[in-house]
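Colleague: In our numbering, the protein residues as written are 17 to 83. Note that beta-carbon positions come from the ideal geometry of N, C-alpha and C, so glycine has one too. Dumping the structure here so I can ask a few things about it.
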(Lines of atoms letter the chains of each structure in order from A; the text may use other names.)
(Lines give C-alpha, C1' and ligand atoms only; values in the text may rest on other atoms or scores of the structure.)
Protein backbone atom coordinates (compact mmCIF):
# COMPACT_ATOMS: atom_id res chain seq x y z
CA UNK A 17 0.00 0.00 0.00
CA UNK A 18 2.89 2.33 0.79
CA UNK A 19 4.36 1.94 -2.71
CA UNK A 20 0.93 2.63 -4.24
CA UNK A 21 0.51 5.79 -2.14
CA UNK A 22 4.02 6.97 -3.04
CA UNK A 23 3.35 6.42 -6.75
CA UNK A 24 0.09 8.38 -6.54
CA UNK A 25 1.84 11.17 -4.60
CA UNK A 26 4.74 11.38 -7.10
CA UNK A 27 2.53 11.32 -10.19
CA UNK A 28 -0.31 13.39 -8.71
CA UNK A 29 -2.67 10.94 -10.39
CA UNK A 30 -5.50 9.59 -8.26
CA UNK A 31 -7.21 6.48 -9.67
CA UNK A 32 -10.60 7.38 -11.14
CA UNK A 33 -12.32 4.66 -9.12
CA UNK A 34 -11.30 6.59 -5.99
CA UNK A 35 -13.27 9.63 -7.12
CA UNK A 36 -16.62 7.83 -6.95
CA UNK A 37 -18.63 8.39 -3.78
CA UNK A 38 -22.02 6.92 -2.99
CA UNK A 39 -24.36 9.22 -1.10
CA UNK A 40 -27.28 7.71 0.77
CA UNK A 41 -29.92 9.26 2.97
CA UNK A 42 -30.29 8.19 6.60
CA UNK A 43 -33.42 8.90 8.63
CA UNK A 44 -32.94 11.31 11.54
CA UNK A 45 -36.12 10.16 13.23
CA UNK A 46 -39.64 11.36 13.13
CA UNK A 47 -41.89 11.09 10.11
CA UNK A 48 -40.11 9.08 7.40
CA UNK A 49 -42.38 10.54 4.73
CA UNK A 50 -40.91 14.02 5.41
CA UNK A 51 -37.70 14.49 3.39
CA UNK A 52 -36.44 17.01 5.97
CA UNK A 53 -36.11 14.12 8.43
CA UNK A 54 -33.21 12.62 6.47
CA UNK A 55 -29.54 13.48 6.34
CA UNK A 56 -27.04 12.57 3.62
CA UNK A 57 -24.01 10.44 4.34
CA UNK A 58 -21.15 9.84 1.89
CA UNK A 59 -19.84 6.31 1.61
CA UNK A 60 -16.16 6.41 0.62
CA UNK A 61 -13.75 3.57 -0.09
CA UNK A 62 -11.62 2.76 2.99
CA UNK A 63 -8.36 3.06 0.99
CA UNK A 64 -9.36 6.58 -0.02
CA UNK A 65 -9.92 7.48 3.64
CA UNK A 66 -6.48 6.13 4.56
CA UNK A 67 -4.83 7.95 1.65
CA UNK A 68 -6.47 11.27 2.52
CA UNK A 69 -5.29 10.88 6.11
CA UNK A 70 -1.73 10.29 4.87
CA UNK A 71 -1.97 13.41 2.68
CA UNK A 72 -3.34 15.40 5.61
CA UNK A 73 -0.43 14.34 7.83
CA UNK A 74 2.16 15.17 5.14
CA UNK A 75 0.67 18.60 4.49
CA UNK A 76 0.23 19.35 8.19
CA UNK A 77 3.85 18.43 8.85
CA UNK A 78 5.01 20.54 5.90
CA UNK A 79 2.98 23.54 7.12
CA UNK A 80 4.36 23.24 10.65
CA UNK A 81 7.94 23.05 9.36
CA UNK A 82 7.42 26.03 7.02
CA UNK A 83 6.60 28.50 9.80
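List the endpoints of the continuous alpha helix (DSSP H) containing residue 70.
Modeller: Taking the first residue of the chain shown as 1, we reach residue 70 at position 54. Taken as a continuous stretch (DSSP letters only), the alpha helix (DSSP H) holding residue 70 covers 62-81.
Colleague: Alpha carbon to alpha carbon, what distance is there between residue 58 and residue 39?
Modeller: As a working note, residue 39 is residue 23 in the chain shown. As a working note, residue 58 is residue 42 in the chain shown. Computed Cα separation, rounded: 4 Å.
Colleague: Taking only three categories from DSSP, how would you classify residue 33?
Modeller: On the chain shown, residue 33 is found 17 positions in, with the first residue counted as 1. Residue 33: helix per DSSP, three-state reduction.
Colleague: Give me the Cα-Cα distance between residue 20 and residue 44, rounded to the nearest whole angstrom.
Modeller: Counting from 1 along the chain shown, the entry for residue 20 is found at position 4. Counting from 1 along the chain shown, the entry for residue 44 is found at position 28. Distance between the alpha carbons of residue 20 and residue 44: 38 Å.
Colleague: Can you check whether the CB of residue 25 is closer than 8 Å to the CB of residue 64?
Modeller: By 1-based counting over the chain shown, the position of residue 64 is 48. By 1-based counting over the chain shown, the position of residue 25 is 9. Not closer than 8 Å, so no.
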